[in-house]
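>
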Amino acid sequence: MLIDVAIEQVQGLITFFNGYRDTGFCNALETAKEIALEMEIDPTFRQKREIKRKKQFDENPDDVLVSSQPAHESFRRKYFIPVVDQAISSLTTRFEQYESFQKNFGFLFTSDALKSLDEKSLKYSCSVLEAALKSGGKSDINGSELYVELNLLKSFIPNDNMGPVDILKFLKRLDCFPNATIAYRILLTIPVTVASAEGSFSKLKLLKSYLRSTMTQERLSGLATIEIENDILEGVAYEDLIEDFVSRNAQRMARFG
1 MLIDVAIEQV QGLITFFNGY RDTGFCNALE TAKEIALEME IDPTFRQKRE IKRKKQFDEN
61 PDDVLVSSQP AHESFRRKYF IPVVDQAISS LTTRFEQYES FQKNFGFLFT SDALKSLDEK
121 SLKYSCSVLE AALKSGGKSD INGSELYVEL NLLKSFIPND NMGPVDILKF LKRLDCFPNA
181 TIAYRILLTI PVTVASAEGS FSKLKLLKSY LRSTMTQERL SGLATIEIEN DILEGVAYED
241 LIEDFVSRNA QRMARFG
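Residue numbers (the UniProt record's numbering): 1 to 257.
1. May I ask you to list the residues that DSSP assigns as paired with serine 135?
2. Residues in the same chain with beta-carbon distance under 6 Å from phenylalanine 95, minus the five sequence neighbours each way, listed in chain order, please.
3. Using the C-alpha atoms, what's the distance from serine 90 back to isoleucine 7?
4. With DSSP run on the structure shown, which of helix, strand or coil describes glycine 143?
5. Quick one: grab the DSSP three-state call for phenylalanine 16.
6. Nearest by alpha-carbon distance to leucine 117: which of Leu153, Phe101, Leu233 and Phe16 is it?
7. On the premise that isoleucine 182 lies in contact with phenylalanine 157, defined as a C-beta separation below 8 Å, what is that separation, rounded to the nearest angstrom?
8. Quick one: Cα of glutamate 229 to Cα of leucine 187, how far?
9. In the structure shown, what three-state DSSP assignment does serine 127 receive?
10. Could you check if asparagine 27 is buried or exposed, using at least 16 other CB atoms within 10 Å of its CB as the buried criterion?
11. With H, G and I counted as helix, E and B as strand and the rest as coil, what does DSSP make of aspartate 85?
12. Using a threshold of 9 Å, state whether the C-beta atoms of asparagine 104 and valine 83 are closer than that.
13. To which residues of the same chain is glutamate 99 closer than 8 Å at the C-beta, ignoring the five residues directly before and after it?
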């Protein structure tokens with residue numbers, strides 16, 4: 001998934017949850033009741049017993065006692081609203097992170113976005129990107145050279161609206177825009193989520209539990225790399241690797257040959 005697509009989807013989720021916070025409880029309650037009935041569970045909230053408080057001497061005896069809230073309203077206020085608010089807060093934080101990427105890379109998201117910039121705006125965007133990619137006084141790109149390349153690229157690029165993947169392929173075919181190529185490569189390697197990496201390291205934790213006593217650190221690290229880079233591994237010819245491994249040792253040749 002690309003960052004521009006992720007920004008749009010996260011914004012849509014925030015809008016959905018803002019509406020769901022106000023109007024979604026009734027629908028969620030009806031759905032929960034249906035599930036409870038299917039599981040033969042009584043779909044009613046337990047009413048909390050009202051604790052009577054002793055009246056203080058300085059209280060007005062004419063004060064009207066306020067009745068306690070219905071159980072379902074108490075659940076909505078104490079559980080439903082906080083859970084939805086937490087979801088909105090998490091999505092908003094993620095959206096702010098994506099917005100910072102959009103501020104730096106937004107003009108590279110599509111060819112139409114690139115073409116829409118005038119020379120002054122393009123030059124400013126290139127300088128912002130150079131500053132964002134700078135570390136220790138060095139940057140991965142030269143902003144002035146990137147501006148010249150992109151300004152020239154605008155006249156070469158096809159009229160059809162292209163995404164960053166297609167633009168990078170186009171740049172590789174031309175093979176004369178080094179700074180632009182680096183900028184698009186960096187854009188396309190920014191992870192939208194870390195779910196894949198988290199899943200890989202969860203599996204590594206299981207491996208450590210079962211194999212730690214019989215596997216060295218070097219082999220364990222190699223196994224972790226295999227799991228994380230499994231897409232690349234699928235294209236590896238195992239037979240060729242085995243033959244190469246065997247051919248490097250005469251003893252192996254005698255055993256496996």
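Cβ atoms here follow ideal geometry from the backbone N, Cα and C, with glycine treated the same way. In this text, all values refer to a predicted model and were calculated from it rather than measured experimentally.
According to the structure shown:
1. In the sequence shown, residue 135 corresponds to position 135, counting from 1. The partner list for serine 135 (beta bridge, DSSP) reads Lys138.
2. The count along the sequence shown starts at 1 and reaches residue 95 at position 95. So the qualifying residues of the chain are Val10.
3. Numbered from its first residue, the sequence shown carries residue 7 at position 7. Numbered from its first residue, the sequence shown carries residue 90 at position 90. Their Cα atoms are separated by approximately 14 Å.
4. Indexing the sequence shown from 1 puts residue 143 at position 143. DSSP places glycine 143 in helix when its eight states are reduced to three.
5. Locating residue 16 in the sequence shown gives position 16, counting from the first residue. Looking at phenylalanine 16 - three-state DSSP - the assignment turns out to be helix.
6. Here residue 117 refers to the residue found at position 117 of the sequence shown. Nearest option by C-alpha distance: Leu153.
7. Taking the sequence shown and counting its residues from 1, the one referred to as residue 157 is at position 157. Taking the sequence shown and counting its residues from 1, the one referred to as residue 182 is at position 182. Sequence check: residue 157 is isoleucine here, not phenylalanine. For isoleucine 157 against isoleucine 182, the beta-carbon gap comes to about 17 Å, at or over 8 Å, which does not count as contact.
8. Counting from one through the sequence shown, the residue named residue 229 turns up at place 229. Counting from one through the sequence shown, the residue named residue 187 turns up at place 187. Approximately 20 Å, taken between the alpha carbons.
9. Translated into the one-based positions of the sequence shown, residue 127 becomes position 127. In the structure shown, the three-state DSSP call for serine 127 is helix.
10. Taking the sequence shown and counting its residues from 1, one reaches residue 27 at position 27. Counting of Cβ neighbours within 10 angstroms places asparagine 27 among the exposed residues, the total staying below 16.
11. Numbered from its first residue, the sequence shown carries residue 85 at position 85. Helix at aspartate 85.
12. Translated into positions along the sequence shown, residue 104 becomes position 104. Translated into positions along the sequence shown, residue 83 becomes position 83. Not in contact: asparagine 104 and valine 83 (Cβ atoms no closer than 9 Å).
13. Counting from 1 along the sequence shown, the entry for residue 99 is found at position 99. Excluding positions up to five away in sequence, the list reads Ile7.
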